[in-house]
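**Q** Going by the working numbering, the first residue of the sequence shown is number 550, and it counts up by one from there.
Just so it is clear, CB atoms sit at the ideal spot from N, CA and C, and this is done for glycine as well.
Given the structure is predicted, the values throughout are model-derived calculations rather than measurements.
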Amino acid sequence: MAKVKHNNFLDTVDEVITNATNAGVIHLHAEGNELNGRRITINGKPSYHFGTTGYLGLEQDKRLKRAAIDAIEKYGTQFPLSKTYISHPLYAPLEEKIFEMYQHPILITKNSTLGHLAVIPTAIRDGDAVILDHQVHWSVQSATEVLKSKGVTVRMIRHSNMDMLEHYIKDLRNKANKIWYMADGVYSMYGDFAPLQDLMELSKKYPQLHLYIDDVHGMSWKGKHGSGYVMSVLKELPQNLLLIGTLSKTFGASGAVLVCPDKKLHKKIKNFGEPLTFSAQLEPASVAAATASAEIHLSPEIYELQSDLAAKIDYFNQLLETSNLPLVHKNTSPVFYIGTGLPATGYNFVSKMMEAGFFVNLGLFPAVPVKNTGVRVTISRHNEMKNIKALVDAMSFYFPIAMEETHTDLNRIYKSFGIQTTEKTNPPTTQMDELNLEYFETIQQTNKLEWDTCFSGKGTFDWDGLDFLEKVFTNNNLQEHNWGFHYITIKDKTGKMILAAPLTSALLKNDMLSDANTSKAIEEIREQDPYYMTDVVLSLGSVFSEGAHLFLDDDHPLHIRSMRLFLKKIDEIKAKVRAKLIILRDFKKTNTLNTFLHKQGFISIDMPDSCEIANFNWRNEEQYISTLSKRSRKHFRKDIKAFENYFKTRIVCSPTPEQIDKYYQLFEEVWSNNLGINTFKFPKKLFTEMVKSPKWDFLTLYLKADNPDALDKIVGVMFITRSGKTFIPAFVGVDYEYNEKLNVYRQLLLQAIKTAGILKFEKINFGLSASFEKKKLGATLIPKIAYVQADDNFSLEALDWLRKD
550 MAKVKHNNFL DTVDEVITNA TNAGVIHLHA EGNELNGRRI TINGKPSYHF
600 GTTGYLGLEQ DKRLKRAAID AIEKYGTQFP LSKTYISHPL YAPLEEKIFE
650 MYQHPILITK NSTLGHLAVI PTAIRDGDAV ILDHQVHWSV QSATEVLKSK
700 GVTVRMIRHS NMDMLEHYIK DLRNKANKIW YMADGVYSMY GDFAPLQDLM
750 ELSKKYPQLH LYIDDVHGMS WKGKHGSGYV MSVLKELPQN LLLIGTLSKT
800 FGASGAVLVC PDKKLHKKIK NFGEPLTFSA QLEPASVAAA TASAEIHLSP
850 EIYELQSDLA AKIDYFNQLL ETSNLPLVHK NTSPVFYIGT GLPATGYNFV
900 SKMMEAGFFV NLGLFPAVPV KNTGVRVTIS RHNEMKNIKA LVDAMSFYFP
950 IAMEETHTDL NRIYKSFGIQ TTEKTNPPTT QMDELNLEYF ETIQQTNKLE
1000 WDTCFSGKGT FDWDGLDFLE KVFTNNNLQE HNWGFHYITI KDKTGKMILA
1050 APLTSALLKN DMLSDANTSK AIEEIREQDP YYMTDVVLSL GSVFSEGAHL
1100 FLDDDHPLHI RSMRLFLKKI DEIKAKVRAK LIILRDFKKT NTLNTFLHKQ
1150 GFISIDMPDS CEIANFNWRN EEQYISTLSK RSRKHFRKDI KAFENYFKTR
1200 IVCSPTPEQI DKYYQLFEEV WSNNLGINTF KFPKKLFTEM VKSPKWDFLT
1250 LYLKADNPDA LDKIVGVMFI TRSGKTFIPA FVGVDYEYNE KLNVYRQLLL
1300 QAIKTAGILK FEKINFGLSA SFEKKKLGAT LIPKIAYVQA DDNFSLEALD
1350 WLRKD
């Protein structure tokens, strides 16, 4: 939904990680002179270790340690030479044993990240296409970046959504040779499994479908010879599947393994996979440890280890069933996720668990959506039954305290994860002592004077402006033209307004603020599927309005409590209207709510700059020009003033139906050419309602009679409204043929400025688009951000991938 620039995304992640670091729950350091897998010391406090991914505990096995030590003694700390030239003596025995585990051609890589970088650009050819599960591991997603530079189509689906996958397959099957779906066998956060049987059925139905599965979290604890979760389900790998496993994590050593049933493809990857060709090989100690582990995997002992771990997993599941902890996904993997919903609750809970002597991992954005923050608990053979029981007891004790201290509850957590539960929870409340929240679904139910005291002069969301929008965007034929209107006010006991906000729920395009090339590609798909990549969004304001939609008296001592109450109410509205995202928009970057909103499950996203002119200390054109910069004055004279005599300007208050038809035609030209802000086209009803409203006028540009093309020809129109002393050119219509010849759009901007000055307005709110053009005419650019909370990361991440497609 929001515009996710690469740098914006990095900044957002940096902010999230910084907040978690400041809370003392990540970027920690283990202490002490040794590690045993069972206990770990952090900040001087010994804790039971429930965060390892060494599920079988093989990293502490004496046989692996001895093998590594002997290898260093015999072969040194490394063999500094590319494996393409020559492998050190320990490689061949390891490769033989790994082949014996899988009975398919294999390749060993330095780690899984380099493995993906070696395999993916080699296996996926020009003319192929890729579909990513949006929770597939970052290292897989990163490797597909190389493909985009070669023109390979890369798309993304919601997590394990087979209907969406099939939709993409159908769309791509006549455009691509092979279609690769990339997923994890076992997902690292929730511990859930890829729907392998469904994928097998799809690959039978669509022979073009090939599978690329990262099973590093499924290794060793599952499958024949510990070959992993995928092998345990499929038994035999089909020719259309590439499997990535690991020699680290549960395997206990280092490195990764590619399993490739296609011998011809195996040879190509071995010869052309760049990290295989040019990177250093695994150190002798790592290879020796992996060989010792492989010997265990090939022996009956592996099944004893798997059975021991399975018993502990089963015991943990039994204990969780008797608790009131919100387990997000019940499964038989060693990975469990206890949902906290709000980041604030996650920070609080992890801190309490660490203080109590239990180390668990925090799951946070971007690994999970911000509102799906939680605690990842991993079970390993290191953990004793009594310690597992103590962990559950501690979590059961501290979790309610963490919820209470961060103002949440089980009902809210279950809702944030979309979990249906039979647990008895208290119904949510949207009232608090000392505060009175009122909610309305039409502006007619609000007090006009109170509303305009908060919003007059700020934009098209004063009382009259919202009354106008309700008339336009209700009772229409198309679903995108029917909005829900939601008004919230919160007052203290004395009746003093603390918070007020207008919101709309509407069907919006996910690419509304994406770049034009992205939207162009998506619009081609929408020619066949008009509602492709659209979602219902609950937003402050609407796509029609711009400005400070949230009134908040931040000097009031109850303003933070009011914000909590407000967020609870909009969460309730979101559920009612079945919205996928909440967007709190048009905040200044310097706003004081940034940390608070992040802890409540929102991430900040850059919006296009807002443009306004507030300097009207001039009375004529010469004085106006003097307010511009030297460069802007030159632009003004050359590109704007030089064309002014081609036009005559009229303010039309009551246009005829024929004129409205022409205005709408010009608006459609702009709409179809302006994919930078890609909205559904507004209905013609909007313009007929403007004629009825005393708040709207039409600033029109005609060609002068002495122009040979004139014939009273309208070449531009600006649709203008006002709020208090603010002049609002809401949007425009332009004849693009004359725009290129005579700079029609620039002329409309100039005439709007002149008109506002003549009518003695104090400010022009020029909105979000074409900021470069507006700046040259004296507009101030105001950086704005929005706070987004999504049901999953797909709506944000998918756009990022499409943009690079």
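Please report the distance separating the alpha-carbon of Ala-579 from that of Asn-592.
**A** Going from the Cα of Ala-579 to the Cα of Asn-592 covers about 8 angstroms.
**Q** Suppose the cutoff is 7 angstroms on Cβ atoms and the five residues either side in sequence are ignored; what does the same chain contact list for Leu-984 look like?
**A** Taken in chain order, the residues that qualify are Ile-1039, Asp-1041, Leu-1107, Arg-1110, Ser-1111 and Leu-1114.
**Q** Let me know if Ala-860 comes out buried or exposed under the rule of 16 or more other beta-carbons within 10 Å of its beta-carbon.
**A** Exposed: under 16 other Cβ atoms inside 10 Å.
**Q** Alpha carbon to alpha carbon, how far is Val-836 from Gly-804? Give it in angstroms, no decimals.
**A** Their backbone Cα atoms lie some 8 angstroms apart in a straight line.
**Q** Measuring straight from C-alpha to C-alpha, what distance separates Pro-1204 and Thr-1270?
**A** About 15 angstroms.
**Q** Grouping DSSP H, G and I as helix and E and B as strand, with all else coil, what is Arg-925?
**A** In the structure shown, Arg-925 sits in a strand (DSSP, three-state: E or B).
**Q** Use the C-beta contact count for Asp-1011: other C-beta atoms within 10 angstroms, 16 or more gives buried, fewer gives exposed.
**A** It is buried - the Cβ of Asp-1011 has at least 16 other Cβ atoms within 10 Å.
**Q** Would you mind stating whether Gly-906 and Leu-607 have Cβ atoms separated by less than 8 angstroms?
**A** Contact: no.
**Q** Could you round the C-beta distance between Val-806 and Ile-647 to whole angstroms and report it? I think they count as a contact, below 8 angstroms.
**A** About 6 angstroms separates the two Cβ atoms, so the contact holds.
**Q** Using a Cβ-Cβ cut-off of 7 angstroms (strictly less than) and excluding sequence neighbours within five positions of His-1030, which residues of its own chain qualify?
**A** Hits under 7 angstroms: Phe-1022 and Pro-1232.
**Q** Which residues does DSSP list as the beta-bridge partners of Thr-1198?
**A** Looking at the DSSP assignment, Thr-1198 forms a beta bridge with Leu-1250.
**Q** So Ile-1334 is in the beta strand (DSSP E); what residue range does that whole segment cover?
**A** Note, Ile-1334: beta strand (DSSP E), 1333–1339.
**Q** In chain order, what are the residue ranges of uninterrupted beta strand (DSSP E) at least 3 long that sit wholly in the segment 735–814?
**A** Here the runs fully enclosed are 758–763, 790–795 and 805–808.
**Q** Please list the segments of the alpha helix (DSSP H) lying wholly inside the segment 998–1072, counting only runs of 4 or more residues, in order along the chain.
**A** Runs found: 1012–1021.
**Q** Just to confirm my understanding: we take Glu-1193, look at its own chain, exclude 5 residues before and 5 after, and list those with CB closer than 8 angstroms. What are they?
**A** Same-chain partners within the cutoff: Gln-1296 and Leu-1299.
**Q** Is Asn-582 buried or exposed, if buried means 16 or more other CB atoms sit within 10 Å of its CB?
**A** Flag for Asn-582 reads exposed.
**Q** Straight-line CA distance for Met-1382 to Ser-596?
**A** Here the chain covers residues 550 to 1354 and nothing more, so residue 1382 does not appear.
**Q** Under the rule that 16 or more other beta-carbon atoms within 10 Å means buried, what is Pro-670, buried or exposed?
**A** So Pro-670 counts as buried.
**Q** May I ask you to report which of helix, strand or coil DSSP gives Asn-873?
**A** Asn-873: coil per DSSP, three-state reduction.
**Q** Based on the DSSP output, what are the partners of Pro-1278 in its beta bridges?
**A** In the DSSP output, where bridge partners are listed per residue, Pro-1278 has Ile-1269.
**Q** Can you tell me whether DSSP reads Met-1082 as helix, strand or coil?
**A** Of the three classes helix, strand and coil, the one that applies to Met-1082 here is coil, per DSSP.
**Q** How about Thr-601 and Thr-927: are their beta carbons less than 8 angstroms apart?
**A** Contact: yes.
**Q** If you draw a straight line from the alpha carbon of Asp-1102 to that of Phe-1151, how long is it in whole angstroms?
**A** Between Asp-1102 and Phe-1151, the C-alpha separation is close to 21 angstroms.
**Q** Which term fits Tyr-1080, buried or exposed, when burial requires 16 or more other beta carbons within 10 angstroms of its beta carbon?
**A** Tyr-1080 is exposed by the Cβ-count criterion.
**Q** In or out: Met-650 buried (at least 16 other Cβ within 10 Å) or exposed?
**A** Buried, by the Cβ-count rule.
**Q** Should Trp-1032 be labelled buried (16 or more other beta-carbon atoms within 10 Å of its own) or exposed?
**A** Burial call: buried.
**Q** So, Lys-920 versus Gly-967, is the Cβ gap smaller than 8 angstroms?
**A** No, Cβ-Cβ distance for Lys-920 and Gly-967 is not below 8 angstroms.
**Q** What is the rounded straight-line gap between the Cα of Asn-866 and the Cα of Ser-842?
**A** Their backbone Cα atoms lie some 28 angstroms apart in a straight line.
**Q** Within the continuous alpha helix (DSSP H) that includes Asp-1210, where are the two ends?
**A** That run of the alpha helix (DSSP H) goes 1206–1222.
**Q** Is Gly-1306 helix, strand or coil when you go by DSSP?
**A** If DSSP states are grouped into helix, strand and coil, Gly-1306 belongs with the helices.
**Q** Between the C-alpha atoms of Glu-715 and Leu-751, what's the straight-line distance to the nearest angstrom?
**A** Each residue's Cα considered, the two are about 8 angstroms apart.
**Q** Three or more C-beta pairs under 8 angstroms: does that hold for the segment 1139–1158 against the segment 1322–1340?
**A** Yes, the segment 1139–1158 touches the segment 1322–1340.
**Q** I'd like to confirm the pairing. Which residues does DSSP put opposite Leu-1089 in its beta bridges?
**A** Answer is Leu-1052, bridged to Leu-1089.
**Q** Here's the rule: buried if 16 or more other CB atoms are within 10 angstroms of the residue's CB, otherwise exposed. What is His-576?
**A** Flag for His-576 reads exposed.
**Q** For Ile-1162, which beta-bridge partners are listed by DSSP?
**A** Per DSSP, Ile-1313.
**Q** Which runs of the beta strand (DSSP E) at least 3 residues long sit entirely within the segment 589–619? Give them in chain order.
**A** Within the segment 589–619, the complete beta strand (DSSP E) runs of at least 3 residues are 594–598.
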